[in-house]
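What follows is a single structure, written as structure tokens, with notes after it.
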Amino acid sequence: MALIGVHRLALLGGGFSTDDDGLLDDWVFGHARAVRPKVCFVPTASGDAPAYVEQFLTAFRSRDCEPSVLPLFRRELDDDALRTFLLSQDVVYVGGGNTANLLAIWRTHGVDRLLREAYDRGTLLCGISAGANCWAEGSHTDSFGPLTFLPDGLGLLAGSVCPHYDSEPGRRSSYRAAVATGSLGAGWALEDGVGALFADGRPAETVTRTPRAGVYRVEPDGDGGVTERALSCRPLAVA
């Protein structure tokens, strides 16, 4: 159930684009502030890829929601209409792709400021991969080719985020090194198949659709390394 008046973010290690059971998306909907939420998909990180947009619409048209898409590469709304549109959404769902490009384009169009305003007004912000990275102060990314750190997020969530912690070679060691050296602040690492809800910047619920997949808190240990603490994740099950 949504906590009205609370700032809420959901970091996803899956969803409609990777899973066929709908468990993580159902979990997100359970935290929306409306029974039949307005859900806006923002595919900026993929360059507004048509196949990705269609995948979202196919998955969400049959759900009890009002799905929509915000394209920015061929922008259709003026500034006033864009603000009205985004602030009317109950859920903003950001897709994966290139985190650095996403942030640059959002800032060019003022979407970063509008998302902050929506967040302050109770809209649930969520996303997968780049769509999880973007909300934090920094993130672990392959936006520039090799895995590296990007200390340039929106800062709605303190510290850093690392997606695909278990599924991409080098992710775990590279993220741990970035946190150990201070290139990224302490943060949250997500394995594929999990979801992490933050309320007012603090973890409120962590869930998993995959046995043994987890969410981890990674912090510098003060001695050149890191500590890694697994959060307890509630298993999701098909109703």
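Reminder that position 24 of the sequence shown reads as 314 in the numbering used here, one-by-one numbering, no gaps. Here a beta-carbon is modelled for each residue, glycine too, at the ideal position from N, C-alpha and C. Note that the coordinates shown come from a computational prediction; the quantities given were computed from them, not determined experimentally.
Contact check for A494 and G504: beta-carbon distance about 16 Å, past the 8 Å limit, so the pair fails to qualify. The three-state reading of DSSP puts H430 in strand, counting E and B together. The three-state secondary structure of A335, taken from DSSP, is helix. For a cut-off of 8 Å, the C-beta gap from V296 to V332 is around 22 Å, too long to register as a contact. If you ignore the 5 residues before and after G305, its C-beta comes within less than 7 Å of the C-beta of L314, D315, I418, all in its own chain and listed in chain order. The beta strand (DSSP E) runs lying completely inside the segment 462 to 497 and spanning 3 residues or more are 477 to 480, 484 to 489, given in chain order. For L376, the closest of A408, H399, R499, S429 by C-alpha to C-alpha distance is A408. The Cβ atoms of P453 and A476 lie no closer than 8 Å to each other. Here C424 is actually not in contact with L299; their C-beta atoms are around 10 Å apart, not less than 8 Å. Taking the CA atoms as reference points, S473 sits about 23 Å from A335.
Per the coordinates, the alpha-carbon of P501 lies some 28 Å from the alpha-carbon of G515.
Taking 8 Å as the cut-off, the Cβ atoms of D442 and G428 count as close. Nearest neighbour of S378 by Cα position, chosen from T398, D368, L405, A394, turns out to be L405. Nearest in C-alpha terms to T431, of all of S463, A322, L347, D513, is S463.
Per DSSP, reduced to three states, the secondary structure at E407 is helical.
In the three-state reduction of the DSSP assignment, F363 falls in the coil class. DSSP places T517 in the strand class (E or B) of the three-state scheme. The Cβ atoms of T389 and L440 lie closer than 8 Å to each other.
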